[in-house]
Amino acid sequence: MPGEEIEELRGEMVALETALASAFGEIAVLRAAMEGGGAEAALRAMEGMAAQLEGSVLRGVVGAEAEGRPAAAAGFERRMEQIAHALRNAIAFRGR
């Protein structure tokens, strides 16, 4: 497998790890809300986590590019776009 493909896969792997960490955080926030934290507290926590995730994505892309690994940055960005698309679809499905 050529080096550029490996770098792209490495970027995708970091994106999936980031998304997984975010999902576990979301579950923790929802569990806290169910245990009495209230919907407003859960919403604030989720918004904070979304901001952290956005910052993480930016750091991942910028960091990979700064290290001279544009293929890793491209793989990371592509996978995050796929994850965001899947989440949008899940939200749309939940609203029906």
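Take 482 as the starting number for the sequence shown in this note's numbering and just add one per residue. Note that CB positions come from ideal geometry on N, CA and C, so glycine has one too. Note that this is a predicted model, so its numbers are computed, not measured.
#### Entry: Three or more C-beta pairs below 8 Å linking the region 511-522 and the region 551-568
no
### Task
Could you tell me the distance, in whole angstroms, from the CA atom of Met482 to the CA atom of Glu493?
Taking the first residue of the sequence shown as 1, we reach residue 482 at position 1. Taking the first residue of the sequence shown as 1, we reach residue 493 at position 12. Going from the Cα of Met482 to the Cα of Glu493 covers about 16 Å.
### Message
Under DSSP, the alpha helix (DSSP H) around Glu498 begins and ends at which residues?
### Response
If you number the sequence shown from 1, residue 498 lands on position 17. Start and end: 484-513.
### Task
Ignore the nearest five residues each way along the sequence and tell me which others in Glu558's own chain have a CB closer than 7 Å to its CB.
Locating residue 558 in the sequence shown gives position 77, counting from the first residue. The residues are Val542.
### C-alpha gap between Glu546 and Ile508, whole angstroms
In the sequence shown, the residue the question calls residue 546 occupies position 65. In the sequence shown, the residue the question calls residue 508 occupies position 27. Rounded to the nearest angstrom, the two C-alpha atoms are 32 Å apart.
### Message
For Leu501, tell me which candidate among Ile564, Asn570, Arg569 has the shortest Cα-Cα distance.
### Response
By 1-based counting over the sequence shown, the position of residue 501 is 20. Checked all of Ile564, Asn570, Arg569; the closest Cα to Leu501 is Ile564.
### Query
With C-beta atoms as the reference, is Ala532 less than 9 Å away from Val510?
On the sequence shown, residue 532 is found 51 positions in, with the first residue counted as 1. On the sequence shown, residue 510 is found 29 positions in, with the first residue counted as 1. Contact: no.
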